[in-house]
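Novice: I have a structure I would like to understand better, so I am pasting it below and will then ask my questions one at a time.
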Amino acid sequence: MNIKFYPVDITYSIEDGKPLIFLYGRTAEGEQICVIDDSFKPYFIVTGKPELDALKAVKQDDYVVTDIVKAKKNLNETETDAHIVYVNLPKAAPELQKLARKIKGVTGAYEHDIPFTRRYLIDKGITPLTQVIVDAEKTTRDFRVPCYFAKNIKSGDETATPLKILALDIETYNPDNKLDFKKNPILMIALYGEKFSRVITWKKFKTEDKTIEFVQSEADMLARFVELVHQFKPDMITGYFTDGFDFPYIFERAKILKVKLDLGLDNSALEIAGRKETEAKIAGIAHIDIFKFIKRVIGRGLKTDSYSLDAVSKELLGKQKHKVDMDHFFKVWDKGGEELEPFCKYNLQDTLLTYELTEKVLPTLIEFVRIMRLPPYDINRMPYSMFVEWYLINQAHQRGEIILSKPEHTEEGERMRERIQGAFVYEPKPGYYQNLVVFDYRSLYPSIIASHNISKGLVNCECCKDAPKIETERGTFWYCQKRKGLFATIISDLILIRAEVKKQLKKKSDNLLAARSEALKVLANSFYGYMGFAPARWYCIECAESTTAWARHYIHKAIDTAKEAGFTVLYSDTDSVFLLLEKKTKEQALALMDEINKKLPGLMELDFEGYYPSGIFVSLKAGEGGAKKKYALLNEKGELKIKGFETVRRNWSYIAKEVQQNVLSIILKENDPKKAKNYVREVIDSLRKNKLEVSKVIIKTQLTKATGTYTSVGPHVAAAQRMEAKGMTVSSGSIIKYVVIKGKGKIRDKVKLPEETSQDEYDGEYYIQNQIIPGIERIFAVLNINVDDLMSETKQSSLFGYEK
DNA sequence: ATTATCCGGGG
DNA sequence: GTGTACGGATAAT
Numbered sequence: 190m191n192i193k194f195y196p197v198d199i200t201y202s203i204e205d206g207k208p209l210i211f212l213y214g215r216t217a218e219g220e221q222i223c224v225i226d227d228s229f230k231p232y233f234i235v236t237g238k239p240e241l242d243a244l245k246a247v248k249q250d251d252y253v254v255t256d257i258v259k260a261k262k263n264l265n266e267t268e269t270d271a272h273i274v275y276v277n278l279p280k281a282a283p284e285l286q287k288l289a290r291k292i293k294g295v296t297g298a299y300e301h302d303i304p305f306t307r308r309y310l311i312d313k314g315i316t317p318l319t320q321v322i323v324d325a326e327k328t329t330r331d332f333r334v335p336c337y338f339a340k341n342i343k344s345g346d347e348t349a350t351p352l353k354i355l356a357l358d359i360e361t362y363n364p365d366n367k368l369d370f371k372k373n374p375i376l377m378i379a380l381y382g383e384k385f386s387r388v389i390t391w392k393k394f395k396t397e398d399k400t401i402e403f404v405q406s407e408a409d410m411l412a413r414f415v416e417l418v419h420q421f422k423p424d425m426i427t428g429y430f431t432d433g434f435d436f437p438y439i440f441e442r443a444k445i446l447k448v449k450l451d452l453g454l455d456n457s458a459l460e461i462a463g464r465k466e467t468e469a470k471i472a473g474i475a476h477i478d479i480f481k482f483i484k485r486v487i488g489r490g491l492k493t494d495s496y497s498l499d500a501v502s503k504e505l506l507g508k509q510k511h512k513v514d515m516d517h518f519f520k521v522w523d524k525g526g527e528e529l530e531p532f533c534k535y536n537l538q539d540t541l542l543t544y545e546l547t548e549k550v551l552p553t554l555i556e557f558v559r560i561m562r563l564p565p566y567d568i569n570r571m572p573y574s575m576f577v578e579w580y581l582i583n584q585a586h587q588r589g590e591i592i593l594s595k596p597e598h599t600e601e602g603e604r605m606r607e608r609i610q611g612a613f614v615y616e617p618k619p620g621y622y623q624n625l626v627v628f629d630y631r632s633l634y635p636s637i638i639a640s641h642n643i644s645k646g647l648v649n650c651e652c653c654k655d656a657p658k659i660e661t662e663r664g665t666f667w668y669c670q671k672r673k674g675l676f677a678t679i680i681s682d683l684i685l686i687r688a689e690v691k692k693q694l695k696k697k698s699d700n701l702l703a704a705r706s707e708a709l710k711v712l713a714n715s716f717y718g719y720m721g722f723a724p725a726r727w728y729c730i731e732c733a734e735s736t737t738a739w740a741r742h743y744i745h746k747a748i749d750t751a752k753e754a755g756f757t758v759l760y761s762d763t764d765s766v767f768l769l770l771e772k773k774t775k776e777q778a779l780a781l782m783d784e785i786n787k788k789l790p791g792l793m794e795l796d797f798e799g800y801y802p803s804g805i806f807v808s809l810k811a812g813e814g815g816a817k818k819k820y821a822l823l824n825e826k827g828e829l830k831i832k833g834f835e836t837v838r839r840n841w842s843y844i845a846k847e848v849q850q851n852v853l854s855i856i857l858k859e860n861d862p863k864k865a866k867n868y869v870r871e872v873i874d875s876l877r878k879n880k881l882e883v884s885k886v887i888i889k890t891q892l893t894k895a896t897g898t899y900t901s902v903g904p905h906v907a908a909a910q911r912m913e914a915k916g917m918t919v920s921s922g923s924i925i926k927y928v929v930i931k932g933k934g935k936i937r938d939k940v941k942l943p944e945e946t947s948q949d950e951y952d953g954e955y956y957i958q959n960q961i962i963p964g965i966e967r968i969f970a971v972l973n974i975n976v977d978d979l980m981s982e983t984k985q986s987s988l989f990g991y992e993k
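Okay, so the first sequence: first residue is 190 according to the working numbering, each after it adds one.
Below, the structure written as structure tokens:
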């Protein structure tokens, strides 16, 4: 019979000396099933012309060679003699390849370090979460889902994946602010899915809430949890930091209480892997720790600098956690009764947030799963470098290119010491400027790699000595012009695929398409970093060196062409150029861009980033000439674009940020230094006279450890201690708010909490010197306004009671 | 400056 | 498991 289904998870096991692949997933009809395939054989590859009889005879313990097949392959992008050496067991490959290397005629052994289940997906061209059509027959097995034996398996149409998601969260007994898996019980477990919400707890109280379910004990709660998961039959269990907290905690408690956690669809137990950083695995169900995915993949695009469930939910969903006093949860538990209900609701809200966050980022996760052809469990835990690597592995296999091995430890160490010359920065003179245009190279590094055919196997080929060459500190490099390289092909493909996606996206906006476009962009941009990444299989320092060298070449080219055309170049960093128009027009600048573009090879292109009526460039520190990455621009819409200033930082008071922003705004919009000066003077004056309200002088700093453990007590620690003295609980991660008040001694002795500070108490002089002045002094330096002068004049003016 | 270490998330 | 942390910030030298 033919079954259409969507694989979610993949495992393998050995039965009767033979490896079996288990694909778990959901059918188009919505049934959860397992498809078993016994047809796939483990193997590795040898290059050279081996003595076949000797190679065939290679064995160790139970490991034997079962077959050898001659194959045409490329090694490092050059044709090579190769043989595929089939072995009886997956683990035989890494062992037997060591012996195979010693056989006469063998020049190398490869592809012995690819995990078996991943090997299966690559070779069969099967993509998780994407339709697979399998010719199968029913088989009997003691699994939780019906099993089928595969006779033939192939990929099907791209359609929406039917997925059942279940979110999980636990609350624990926690009396001394220390998480103790061994001592403290789990008090509640919440589950949330489509048309399903439940909180299980083991202390009964009166409630109308039907979602709360009471059991007799912690052990019963754990058993009930397992039962509910089996009833719900999720494809995906999702949680927030469940790899590091909820599942390891459940695991430890179940061990102590002797509860079976047979969550796996093959009846296997929940598995906790890793010593320092744990991972939780359930056979057949994709456990997604959405915190990990958000932090590693989505996080770059978020404004929040905390990845707490509360902060992330607020930004992505516009929803937050319930506010309850977690510090006293254990007391409420001890006492029992109806006061426990808000904690149940809090527990459930966390699962709701987790569920919705998962729904929100799932398109991106699915896109990565499809591009990298790896299970969602793996994608969830993978760093970017590995996205590039597994994409390369898939592409290499399709092209008959031998997958290179991971470097040995010593090799990796040597690579770590290799440094490459970075990007070019043209430092601007600090100053105030008008009429600027900004150009930047679109996807500079990827387009260089594609256009110059930069690839590991093509460095300084013998056949193309007349290819374009690039000088670097490491030597002169060129790349073969006769063959298209692996990197270049893959990157041009990525760029073209993305252009197509963007075209579709223009026709109609779509979540999945947008995620796809973003994933492809990020992937292309990661190639440069990958080439210089020590543990990379396709590590190529010459390629990385050539890429930055060409980048420097092209940015210089743009700068020189602009200068020749009579433009003043103000600033340049990596891929962008800032020009002053002076007497020239925007049209002339655009013509210059066209001229530069005409001479660029391949996919490279200089883009018009924008026109700015005014801008200010500020030196980083007094004495340091340049103003690298510290500038503010005003666009034609009147919006400020601020780079590198302190305005966004949390540990500055509101008034400091406000003054800096307003000064920049006055300068850029009105070009009126006098007005800016007077404005600051007024603020200084109102600080001196304590006219400004307390709320504007609150400083916020995050506490990073418990108050008692600090060796040097900073102002925020002193404030935290005050809070503790008042019976409030603070802990690592709390944001401490404080105000500096008048008085003598160290700052930490002059700290008060905002609610205990009256308006005439705060130390205006402190705020002027430590918050206002540092934020504006470099801006004023550019405008030749003397800050000391500003201060004394204010003193006078306030003394005589008039403004100058 | 450069190198080692600590930490996040979770209650 | 045919493989495994990572990246950023802060403290220490």
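Note that the Cβ used here is the ideal one computed from N, Cα and C, for glycine as well. None of the values given here were measured: they were computed from a predicted structure.
Given this structure, state the Cα-to-Cα distance separating Glu794 from Val627, to the nearest angstrom.
Specialist: Each residue's alpha carbon lies about 14 angstroms from the other.
Novice: Report the CB separation of Val415 from Leu376 in whole angstroms; it is logged as a contact under 8 angstroms.
Specialist: Going by Cβ atoms, the distance from Val415 to Leu376 rounds to 17 angstroms, so no, they are not a contact pair.
Novice: Please state the DSSP three-state secondary structure of Met425.
Specialist: In this structure, Met425 counts as strand in the three-state DSSP scheme.
Novice: What residues in its chain sit with their C-beta under 7 angstroms from that of Ile962, if we drop five residues either side in the sequence?
Specialist: Only Val976 meet the Cβ criterion.
Novice: Please look up how many angstroms separate the CB atoms of Ser644 and Cys732, rounded, as I've assumed it's under 8 angstroms.
Specialist: 7 angstroms between Cβ atoms; contact.
Novice: By the 10 Å Cβ neighbour count, where 16 or more other Cβ atoms means buried, how is Asp226 classified, buried or exposed?
Specialist: Label assigned to Asp226: buried.
Novice: Ordered along the chain, which non-local residues of its own chain (more than five positions away) have a Cβ less than 6 angstroms from that of Arg877?
Specialist: The residues are Gly953.
Novice: Beta-carbon within less than 7 angstroms of Gly812's beta-carbon, same chain only, minus the 5 sequence neighbours each way: which residues are those?
Specialist: Any reading at Gly812 must be qualified, since the residue scores a pLDDT of 42, below 50, and its modelled position is unreliable; the value itself is stated next. No residues qualify anywhere along the chain.
Novice: Drop a sphere of 10 angstroms on the beta-carbon of Asp978, count the other beta-carbons inside from all chains shown, and report buried for 16 or more, exposed for fewer.
Specialist: Asp978 should be labelled exposed.
Novice: Express the C-alpha separation of Ile638 and Arg562 in angstroms, rounding to a whole number.
Specialist: The straight-line gap from Cα to Cα measures roughly 24 angstroms.
Novice: Using a Cβ-Cβ cut-off of 8 angstroms (strictly less than) and excluding sequence neighbours within five positions of Phe421, which residues of its own chain qualify?
Specialist: These residues qualify, in order along the chain: Lys353, Leu355, Leu380, Gly382 and Phe385.
Novice: Which same chain residues, not among the five before or five after Tyr630, have their C-beta less than 6 angstroms away from its C-beta?
Specialist: Same-chain partners within the cutoff: Asp764 and Leu795.
Novice: Residues in its own chain within less than 7 angstroms of Glu204 by CB, not counting five upstream and five downstream?
Specialist: Hits under 7 angstroms: none found.
Novice: List the residues that DSSP assigns as beta-bridge partners of Cys336.
Specialist: Per DSSP, Cys223 and Thr328.
Novice: For Tyr309 versus Ala325, is the C-beta spacing smaller than 7 angstroms?
Specialist: Going by C-beta atoms, Tyr309 is not nearer than 7 angstroms to Ala325.
Novice: Roughly how many angstroms lie between the CA atoms of Gly755 and Arg741, to the nearest whole one?
Specialist: Answer to the nearest angstrom: the Cα atoms are 21 angstroms apart.
Novice: Could you check what DSSP says for Glu218 in three-state terms: helix, strand or coil?
Specialist: Three-state DSSP puts Glu218 in coil, outside helix and strand.
Novice: Measure the alpha-carbon distance for Ile844 versus Glu734 and round it to whole angstroms.
Specialist: Taking the straight line joining both Cα atoms gives about 46 angstroms.
Novice: Is it a yes or a no for the segment 564-579 touching the segment 364-371, going by three-plus beta-carbon pairs under 8 angstroms?
Specialist: These segments do not touch.
Novice: If we ignore side chains and look at the alpha-carbon of each, how far apart do Arg485 and Val323 end up?
Specialist: So the alpha carbons of these two residues sit roughly 35 angstroms apart.
Novice: What's the C-alpha gap between Thr328 and Glu460?
Specialist: One C-alpha to the other measures close to 26 angstroms.
Novice: Considering Cα atoms alone, identify which of Ser803, Leu709, Ala656 and Ile234 is closest to Ser640.
Specialist: Residue Ala656 is the option with its Cα nearest to Ser640.
Novice: How long is the line joining the alpha carbons of Leu177 and Leu822, rounded to whole angstroms?
Specialist: Examination of residue 177 is not possible in this model, given that the chain is present from 190 through 993 alone.
Novice: For the segment 232-239 and the segment 264-284, state whether three or more C-beta atom pairs, one from each stretch, are separated by less than 8 angstroms.
Specialist: Yes, the segment 232-239 is in contact with the segment 264-284.
Novice: For Ser765, name the three-state secondary structure that DSSP assigns.
Specialist: Ser765: strand per DSSP, three-state reduction.
Novice: By DSSP, does Arg387 sit in helix, in strand, or in coil?
Specialist: Of the three classes helix, strand and coil, the one that applies to Arg387 here is strand, per DSSP.
Novice: Measure the C-alpha to C-alpha separation of Leu942 and Tyr955 and round it to an integer number of angstroms.
Specialist: When rounded, the distance between both Cα atoms is 16 angstroms.
Novice: Determine the contact status of Gln850 and Ile965, defining contact as a CB-CB distance below 7 angstroms.
Specialist: No, these two residues do not count as a Cβ contact at 7 angstroms.
Novice: What are the boundary residues of the alpha helix (DSSP H) that includes Val906?
Specialist: Per DSSP, Val906 belongs to the alpha helix (DSSP H) from Pro904 to Ala914.
Novice: When you compare only the Cα positions, how much space is there between Pro997 and Cys669?
Specialist: Here the chain covers residues 190 to 993 and nothing more, so residue 997 does not appear.
Novice: Drop a sphere of 10 angstroms on the beta-carbon of Arg442, count the other beta-carbons inside from all chains shown, and report buried for 16 or more, exposed for fewer.
Specialist: With 16 or more Cβ atoms within 10 Å of its Cβ, Arg442 is classed as buried.
Novice: Arg606: buried (16+ other C-beta within 10 angstroms of its C-beta) or exposed?
Specialist: With fewer than 16 other Cβ atoms within 10 Å, it is exposed.
Novice: With a CB to CB cut of under 8 angstroms and the five nearest residues on each side skipped, what residues in its chain are close to Leu529?
Specialist: Excluding positions up to five away in sequence, the list reads Thr390, Lys392, Phe394, Val521 and Trp522.
Novice: Find out if the Cβ-Cβ distance for the pair Arg387, Glu397 is shorter than 7 angstroms.
Specialist: The answer is no: Cβ separation not under 7 angstroms.
Novice: Taking C-alpha atoms, which residue in Lys465, Phe613, Leu675 and Ala243 lies nearest to Tyr743?
Specialist: Of the listed residues, the one whose Cα sits closest to Tyr743 is Phe613.
Novice: At what residues does the alpha helix (DSSP H) containing Ala289 begin and finish?
Specialist: Note, Ala289: alpha helix (DSSP H), Ala281 to Ala289.
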